[in-house]
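Visitor: Below is a structure I'd like to ask you about.
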């Protein structure tokens, strides 16, 4: 059996993977990593949940030189959320290589001036969206002449979103001698043309055709179209709903359903492309912190939802095709964990699901029998944690350890009472016990963290 130990990765990378409890590579990782380490161009067809970020990320980190302060590897992704997600995952894998390794994410909605300033000491690894990367190229703030490896992640979505011109410009700014990697869930003609124009004699690897892991259970809920709102409310109240994403097809429907669920006492928030980037970032933070239990999301906004907090998927509306359904459903059941997928289906939707041969359904329920069939105790509406915002971050030399120290010394918390901490460039978020949040905000507002006072407030 293949293990990460015998894939010829640097010992520090293997050690980091062991600490993360990663021992056995997924099929796409076992196939792609040796090829990439040998320098081949690679095309991978892989759905969400197949482990593709590690499949290209580990060889990428294995190759970069921490002592060379230049952009050596570039990862292009379609959305802001995915840029943040990929950066976080690469940083997790790289933490034991060297403290000098810099991994940055450039994307719209993020201060351009901060990105430009950071390029005074360029990252070795840069993850970015096409629009922001071409913005830097046009302003001559980004130099890619020493980039030896380029990754096009979710190529089908990059082209679907109309980034062909931006990709052409970015690829034209790269040296002719480079290694190119392309991953895509599907292979439409546009992606095949991109492969033909951008890769040299690539080797093709493919994940298992079954995009939904075996440990994920899929349940269909038969419902009249006009009864979806009360049915999804009853469904959520009958299951442990913390870590649930409910998928809608439009921004308007996501807003409408989130408002309805909030009115029913459920900790839900919308997530879609019509929201300002800071609001999207805040919503994602609250979900990772488990302050928000339910996200009501559109497909585009959910592209970066590869997080441990996600346990349950609900298809409130059926997407247009089987690929989108599999992509949504594959957001749960990661890394061998179990997961649940519920699909609200009218009689027409039910027929559509049966027509999608690659989609399985383990069980069908009638909406009127939900409570009797699913007798798991509901999670209380109010989450155990509340999230506080601190107006300082990495650029202010604040680390998670500093925040933990302040919470213990000033607010009297114990280490096991402190939830997830996220330290960003100029702000930080931390989950704390909800019943103590007012006192905690007051105490942290009056004390110093790393020798300075910062504004502290509750994130609503």
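Numbering (our numbering), first residue to last: 1077 to 1536.
Ideal placement from N, C-alpha and C gives every residue a C-beta, glycine not left out.
Is the distance from the Cβ of residue 1232 to the Cβ of residue 1128 below 9 Å?
Guide: Here residue 1232 refers to the residue found at position 156 of the chain shown. Here residue 1128 refers to the residue found at position 52 of the chain shown. Against a cut-off of 9 Å, the Cβ pair of residue 1128 and residue 1232 comes out as no contact.
Visitor: Among the residues of its own chain, which have a CB less than 7 Å from the CB of residue 1089, if the five just before and after it don't count?
Guide: Mapped onto the chain shown, residue 1089 falls at position 13. Excluding positions up to five away in sequence, the list reads 1134, 1137, 1138, 1169, 1173.
Visitor: Near residue 1392, what residues of its chain come up, given a Cβ to Cβ distance below 8 Å and the 5 sequence neighbours on each side ignored?
Guide: As a first step, residue 1392 is located in the chain shown; it is residue number 316 there, counting from the start. The residues are 1304, 1308, 1322, 1323, 1324, 1329, 1333, 1372, 1420.
Visitor: Under three-state DSSP, which class holds residue 1263?
Guide: Translated into the one-based positions of the chain shown, residue 1263 becomes position 187. It is coil, neither helix nor strand.
Visitor: Quick one: give me the first and last residue of the beta strand (DSSP E) that residue 1332 is part of.
Guide: Translated into positions along the chain shown, residue 1332 becomes position 256. Taken as a continuous stretch (DSSP letters only), residue 1332 belongs to no beta strand (DSSP E), being part of the alpha helix (DSSP H) at 1327–1339.
Visitor: Can you pull the DSSP bridge partners for residue 1533?
Guide: Within the chain shown, the letter at position 457 stands for residue 1533. Per DSSP, 1465.
Visitor: Assign residue 1418 to one of three DSSP states: helix, strand, or coil.
Guide: Here the question's residue 1418 lines up with position 342 in the chain shown. It is a strand residue.
Visitor: Report yes or no: do the stretch 1171–1186 and the stretch 1089–1108 share at least 3 C-beta pairs separated by less than 8 Å?
Guide: Enough Cβ pairs lie closer than 8 Å, so yes.
Visitor: From the DSSP output, which residues share a beta bridge with residue 1315?
Guide: In the chain shown, counting from the first residue as 1, residue 1315 sits at position 239. In the DSSP output, where bridge partners are listed per residue, residue 1315 has none listed.
Visitor: Please list the segments of the alpha helix (DSSP H) lying wholly inside the stretch 1147–1177, counting only runs of 4 or more residues, in order along the chain.
Guide: Those alpha helix (DSSP H) runs which fall completely within the stretch 1147–1177 and span 4+ residues are 1156–1170.
Visitor: Please list the segments of the alpha helix (DSSP H) lying wholly inside the stretch 1488–1529, counting only runs of 4 or more residues, in order along the chain.
Guide: For the stretch 1488–1529, whole alpha helix (DSSP H) runs of length 4 or above, ordered along the chain, are 1513–1522.
Visitor: Is the stretch 1263–1281 touching the stretch 1102–1118 in the sense that three or more CB pairs, one from each, lie closer than 8 Å?
Guide: Yes, the stretch 1102–1118 is in contact with the stretch 1263–1281.
Visitor: Can you name the start and end residues of the alpha helix (DSSP H) that residue 1444 belongs to?
Guide: For the purposes of this step, residue 1444 is taken as residue 368 along the chain shown, with counting starting at 1. Taken as a continuous stretch (DSSP letters only), residue 1444 belongs to no alpha helix (DSSP H), as it is neither H nor E.
Visitor: Does the distance from the C-beta atom of residue 1150 to that of residue 1204 stay below 9 Å?
Guide: Mapped onto the chain shown, residue 1150 falls at position 74. Mapped onto the chain shown, residue 1204 falls at position 128. Yes, they are a contact pair.
Visitor: Helix, strand or coil: how does DSSP classify residue 1424 here?
Guide: Counting from one through the chain shown, the residue named residue 1424 turns up at place 348. Helix.
Visitor: Could you check where the beta strand (DSSP E) with residue 1293 kicks off and where it finishes?
Guide: Here residue 1293 refers to the residue found at position 217 when the chain shown is read from its first residue. Counting along the chain, the beta strand (DSSP E) containing residue 1293 begins and ends at 1292–1298.
Visitor: From residue 1236 to residue 1525, what does the alpha carbon distance come to, in whole angstroms?
Guide: Counting from 1 along the chain shown, the entry for residue 1236 is found at position 160. Counting from 1 along the chain shown, the entry for residue 1525 is found at position 449. If you take the alpha carbons of residue 1236 and residue 1525, they lie about 46 Å apart.
Visitor: Can you grab the Cα-Cα spacing for the pair residue 1118 / residue 1487, in whole Å?
Guide: To locate residue 1118, count along the chain shown from 1; it is residue 42. To locate residue 1487, count along the chain shown from 1; it is residue 411. Answer to the nearest angstrom: the Cα atoms are 52 Å apart.
Visitor: Go through the stretch 1193–1248 residue by residue and report every complete run of the alpha helix (DSSP H) that reaches 4 residues or more, in order.
Guide: List check, alpha helix (DSSP H) in window: 1206–1214, 1231–1236, 1240–1248.
Visitor: If you reduce the DSSP assignment to three classes, tell me which class residue 1282 lands in.
Guide: Taking the chain shown and counting its residues from 1, the one referred to as residue 1282 is at position 206. Strand.
Visitor: Report the three-state DSSP secondary structure of residue 1085 (helix, strand or coil).
Guide: Along the chain shown, read from residue 1 onward, the residue named residue 1085 stands at position 9. The answer is coil: DSSP assigns residue 1085 none of H, G, I, E or B.
Visitor: By alpha-carbon positions, which one of 1504, 1446, 1484 ends up nearest to residue 1474?
Guide: For this step, residue 1474 is matched to residue 398 along the chain shown. Answer by Cα proximity: 1504.
Visitor: Using only CA atoms, which one of 1164, 1190, 1527 lies nearest to residue 1471?
Guide: By one-based count along the chain shown, residue 1471 stands at place 395. Considering only alpha carbons, the answer is 1190.
Visitor: Go to residue 1405, then tell me how far its beta strand (DSSP E) extends in each direction, as first and last residue.
Guide: The residue you call residue 1405 lines up with position 329 of the chain shown. Premise fails: residue 1405 lies in the alpha helix (DSSP H), 1398–1405, not in any beta strand (DSSP E).
Visitor: Out of 1206, 1122, 1192, 1354, state which residue places its alpha-carbon closest to the alpha-carbon of residue 1153.
Guide: Residue mapping note: residue 1153 aligns to position 77 of the chain shown, counting from 1. The shortest Cα separation from residue 1153 among 1206, 1122, 1192, 1354 belongs to 1206.
Visitor: On the CB-based measure, 16 or more other CB atoms within 10 Å of its CB, does residue 1427 come out buried or exposed?
Guide: Indexing the chain shown from 1 puts residue 1427 at position 351. Answer is exposed; the Cβ neighbour count stays below 16.
Visitor: Using the Cα positions of residue 1493 and residue 1509, report the straight-line distance between them to the nearest angstrom.
Guide: For the purposes of this step, residue 1493 is identified with residue 417 of the chain shown, where counting begins at 1. For the purposes of this step, residue 1509 is identified with residue 433 of the chain shown, where counting begins at 1. Cα to Cα, the separation comes out at about 7 Å.
Visitor: DSSP on residue 1362, reduced to helix/strand/coil?
Guide: Working through the chain shown from its first residue, we reach residue 1362 at position 286. Three-state result, residue 1362: helix.
Visitor: DSSP state of residue 1389, grouped into three classes?
Guide: In the chain shown, residue 1389 corresponds to position 313, counting from 1. Residue 1389: strand per DSSP, three-state reduction.
Visitor: Just checking my contact of residue 1476 with residue 1499 at CB under 8 Å: how many whole Å lie between their CB atoms?
Guide: Residue mapping note: residue 1476 aligns to position 400 of the chain shown, counting from 1. Residue mapping note: residue 1499 aligns to position 423 of the chain shown, counting from 1. At roughly 6 Å, the Cβ-Cβ gap stays under 8 Å, so residue 1476 and residue 1499 are in contact.
Visitor: Alpha carbon to alpha carbon, what distance is there between residue 1272 and residue 1366?
Guide: Locating residue 1366 in the chain shown gives position 290, where the first residue counts as 1. Locating residue 1272 in the chain shown gives position 196, where the first residue counts as 1. Looking at the two C-alpha atoms, the distance is approximately 44 Å.
Visitor: As a quick exercise: from 1293, 1227, 1312, 1297, pick the residue whose alpha carbon is nearest that of residue 1270.
Guide: Working through the chain shown from its first residue, we reach residue 1270 at position 194. Checking every option, the nearest Cα to that of residue 1270 belongs to 1227.
Visitor: Who are the near neighbours of residue 1535 in its chain, counting only those whose CB is closer than 6 Å to its CB and skipping five residues on each side?
Guide: What you label residue 1535 is simply residue 459 of the chain shown in a count that begins at 1. The answer, listed in chain order, is 1463, 1465.
Visitor: Quick check on DSSP: helix, strand or coil for residue 1054?
Guide: Limits of the chain in this structure are 1077 at one end and 1536 at the other, which puts residue 1054 out of reach.
Visitor: Contact check, residue 1320 vs residue 1400 under 8 Å by CB: the rounded distance?
Guide: Locating residue 1320 in the chain shown gives position 244, counting from the first residue. Locating residue 1400 in the chain shown gives position 324, counting from the first residue. Wrong, their Cβ atoms sit about 19 Å apart, outside the cutoff.
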